[in-house]
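Visitor:
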DNA sequence: CGGTATCCGTAGAGATACTG
DNA sequence: CAGTATCTCTACGGATACCG
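Chains as they are written, first to last, in the working numbering: chain A, 48 to 172; chain B, 48 to 172.
1. If we define contact as Cβ-Cβ less than 8 Å, is residue 107 of chain A a contact residue for chain B?
2. Let's test the definition: count the other Cβ atoms within 10 Å of the Cβ of residue 96 of chain A and tell me whether it reaches 16, buried, or not, exposed.
3. Please state if the CB of residue 117 of chain B and the CB of residue 159 of chain A are separated by a distance shorter than 8 Å.
4. Examine the Cβ distances between the segment 103–119 of chain A and the segment 163–171 of chain B and report whether three or more of them are shorter than 8 Å.
5. Are the C-beta atoms of residue 69 of chain B and some chain A residue less than 8 Å apart?
6. Is residue 65 of chain B closer than 8 Å to residue 150 of chain A when the C-beta atoms are compared?
7. Can you check whether the CB of residue 119 of chain A is closer than 8 Å to the CB of residue 110 of chain A?
8. Taking 8 Å as the cut-off, decide whether the C-beta atoms of residue 133 of chain A and residue 71 of chain A are in contact.
9. Please classify residue 74 of chain B: does DSSP put it in a helix, a strand, or coil?
10. Could you check whether the Cβ of residue 164 of chain A sits closer than 8 Å to any Cβ belonging to chain B?
11. Just to make sure I have the definition right: I need the residues of chain A whose C-beta is within less than 7 Å of the C-beta of residue 65 of chain B. Which are they?
12. Go ahead and pull the three-state DSSP assignment for residue 122 of chain B.
13. Can you give the Cα-Cα distance for residue 56 of chain B and residue 87 of chain B, rounded to whole angstroms?
14. Just to confirm, are residue 131 of chain B and residue 91 of chain B a CB contact at a threshold of 8 Å?
15. So residue 116 of chain B contacts chain A; which residues on that side make the cut at Cβ distance below 7 Å?
16. Answer yes or no: does any C-beta atom of chain B fall closer than 8 Å to that of residue 134 of chain A?
17. Assuming residue 108 of chain B is part of the alpha helix (DSSP H), what are its boundary residues?
18. Spell out the partners DSSP gives residue 127 of chain B in its beta bridges.
19. Shortest alpha-carbon distance to residue 84 of chain A belongs to which of A:136, A:156, A:168, A:148?
20. Who does residue 90 of chain B pair with in a DSSP beta bridge?
21. Would you kindly work out how many angstroms separate the C-alpha atoms of residue 125 of chain A and residue 168 of chain B, rounded to a whole number?
22. Under 8 Å by Cβ, that's how I've got residue 78 of chain A and residue 146 of chain A pegged, so tell me the actual separation to the nearest angstrom.
23. Just checking: is the beta-carbon of residue 138 of chain A within a distance shorter than 8 Å of some beta-carbon in chain B?
24. Mind checking which residues open and close the alpha helix (DSSP H) that includes residue 149 of chain B?
25. Which residues of chain B have a Cβ atom closer than 7 Å to the Cβ of residue 142 of chain A, listed in chain order?
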């Protein structure tokens, strides 16, 4: 019981923790899914349409990944037919806000990025 | 010469552009490498030591990727022995600033993330 | 409706050894 | 010093079909 966790008042996020989050939101469909859930809670087939052309499998994989990191919630309403609602957690909403700033950066630096890519391809392969 | 690019006053970064950047900085070694370059310009073997236990190949791959997106510069000094310096571009520095806010988020939400992961593993596999 | 199961191709990532 | 080359393994991502 003498857990070290007791002393974790300062979380001291490791480099690995940062990386795991960056990889998570860097997954192919994660930003779009979070974007839809930021707009409103959604159901599975709703997301399937909104995030087209995602496949059922990849939507499941993406949702499970985000859920396992506490970024989204999955609520099962025991109705007939079954109804499952997904939504962002508070933490997920905050994180998505940061993704918006990355999007702004991308917006501002898009010309630079594209010309850098062109230049790189010209110089190398 | 009637380029459509002329009308790109509003860059209108696509979802794919955002994703490409998120994936880039989500690459395994990218954040650490950018962190070292944010502190100071560095040389290849310097980075190799600082970002240990990265391998030469992965450092090259990471550097090339960041360079091709215009996030870092690669400067060759034609001395003997050869000397190559890497550094962040202005855009890269800004982006790394945003990564810091993600790190802050991670810091704040680390307990939530970890307990979510534990809960998820308990409920599922 | 809300998913799983199975199969498969590609790209990411590492170990090790070698070079201009 | 600053990388490449080669090989290997895995994990990501997608297509298709099926299930409670």
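All residues carry an ideal CB built from backbone N, CA and C; glycine is no exception. Only a predicted model underlies this, so the values are computations on that prediction, with no experimental measurement involved.
Guide: In terms of the structure at hand:
1. no
2. exposed
3. yes
4. yes
5. yes
6. yes
7. Pairing residue 110 of chain A with residue 119 of chain A gives a Cβ-Cβ distance under 8 Å.
8. No; because the gap between Cβ atoms is not below 8 Å, this pair is not in contact.
9. coil
10. Nearest CB-CB separation between residue 164 of chain A and chain B: below the 8 Å threshold.
11. 78, 149, 150, 153
12. strand
13. Per-residue confidence for residue 56 of chain B stands at a pLDDT of 48, beneath the threshold of 50, marking its modelled position as unreliable; the derived number appears in the next sentence. Distance between the alpha carbons of residue 56 of chain B and residue 87 of chain B is about 34 Å.
14. yes
15. 160, 163, 164
16. Not flagged as an interface residue toward chain B: residue 134 of chain A, since no C-beta distance is shorter than 8 Å.
17. Under the DSSP assignment, residue 108 of chain B falls in the alpha helix (DSSP H) whose first and last residues are 103–115.
18. Beta-bridge pairing links residue 127 of chain B to no other residue.
19. A:136
20. B:132
21. 23 Å
22. Between the beta-carbon of residue 78 of chain A and that of residue 146 of chain A there is about 6 Å, and that keeps the pair under the 8 Å contact cut.
23. yes
24. Secondary structure note for residue 149 of chain B: its alpha helix (DSSP H) is the uninterrupted segment 137–170.
25. 152
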